[in-house]
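Just so we're aligned, residue 230 is where the sequence shown starts under my numbering, counting upward by one.
Glycine included, each C-beta is placed from N, C-alpha and C at the ideal position.
No experiment lies behind these values; they were computed from the predicted model shown.
Reviewing the structure listed below.
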Amino acid sequence: MALNVTDASFQVDVIERSLTTPVIVDFWAEWCGPCKTLTPILEKATDATQGQVVLAKVDADANPGLMQAFGIKSIPTVIIYKDGQPVDAFVGGQPEHAIEKMVASLLPDPTQLRVRDLLQQGTEESLRDAVALAPGNEDAVCSLAEHLVRVGNADEALTLLARLPETERVRKIAASARLSMNPVDNFDNQLVELLNRVKTDETARQEFLDILESMGPDDPRTAKYRKQLTARLF
C-alpha cells in the first residue's frame with residue numbers, strides 16, 4: 230500500500246525509510262490525466278514486492294514546499310530514493326512493462342537478503358554461513374570475527390579480517406583480537422612501558438597502536454598518547 234507523504238513527513242517517510250528500503254516518490258494531482266494512468270501502475274508494481282520497494286505519493290497541490298524544493302514544473306514526476314539519496318527520476322507517463330522493470334531493478338539481491346537474515350540470527354553457525362555466501366561482505370566477516378574474538382579464537386579472526394580492506398571497524402576488531410592474545414590489565418601502565426620501545430621494536434609499536442585503537446577516539450587519553458608516539462617516532 231502506498232504512503233501518502235507530506236512536506237512534514239518527507240524526511241521520515243522517504244529519506245530515512247530509503248536507508249533500508251528503496252522508495253519510489255510519485256508526485257501527482259487529481260487534475261493530472263497522465264497521473265491517473267501512471268499511479269495505479271506504480272501501485273500494482275510496488276505492491277507485488279510485498280514491502281521490498283515502497284511507493285510514496287505526494288499530492289502536488291497540497292505540498293507546494295516539496296514541489297519548490299525539487300524544482301518540479303510538470304507532473305507526474307517520479308523520483309527514486311535509495312540509501313537516503315535520489316538515484317533516478319523521470320517525468321511523464323511510462324508503460325507498465327517499463328515500470329515493472331524499474332521496480333524489479335530495485336529489489337534486493339536474494340543473497341543479500343539471506344546474508345542479512347543469517348547475521349540477525351547471530352550464532353557462530355549462521356555467521357559462518359553468511360561469510361561462506363558473501364566472503365567479501367564486511368558486515369558478515371566483521372561479525373564473525375567479533376564473535377571469534379569473544380570465544381577465544383583470535384587467530385582465525387585475524388585471518389578472516391586480512392581479506393578485507395582496512396576500515397575503522399576492521400582495525401578495531403583486529404586490535405582487540407591481538408590484545409586478547411596478550412591481555413592488558415592497565416592501559417596507561419602498558420602504554421608508558423611500550424613508549425620506551427616503540428621506535429626500535431615493531432611488536433611494541435603494534436601493541437601500542439592496538440591499545441589506542443581499543444580505547445577509541447572518544448577516550449581523552451588517545452590523543453595524548455598519539456602525540457607522544459609521534460614525538461618518539463619522529
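Item                                                                                                                                                        : Value
What is the DSSP secondary structure of THR235, counted as helix, strand or coil?                                                                           : coil
Ignore the nearest five residues each way along the sequence and tell me which others in PHE239's own chain have a CB closer than 7 Å to its CB.            : LEU295
Do ARG246 and ALA289 have their CB atoms nearer than 9 Å?                                                                                                   : no
Looking only at its own chain, which residues have a Cβ that is under 7 Å from the Cβ of ASP312, when we skip the five neighbours before and after it?      : SER247, LEU248
DSSP three-state label for PRO293, please.                                                                                                                  : helix
Checking the sheet assignment: what are the DSSP bridge partners for THR306?                                                                                : PHE256, VAL320
Based on the DSSP secondary-structure assignment, which residues constitute the bridge partners of PRO315?                                                  : TYR310
Bridge partners for LEU284 per DSSP, in chain order?                                                                                                        : ILE253
Enumerate, from N- to C-terminal direction, the unbroken alpha helix (DSSP H) stretches of 4 or more residues contained entirely within the region 413-457. : 416-424, 431-444
What residues in its chain sit with their C-beta under 8 Å from that of ILE402, if we drop five residues either side in the sequence?                       : CYS371, ALA374, GLU375, VAL378, ALA386, LEU390
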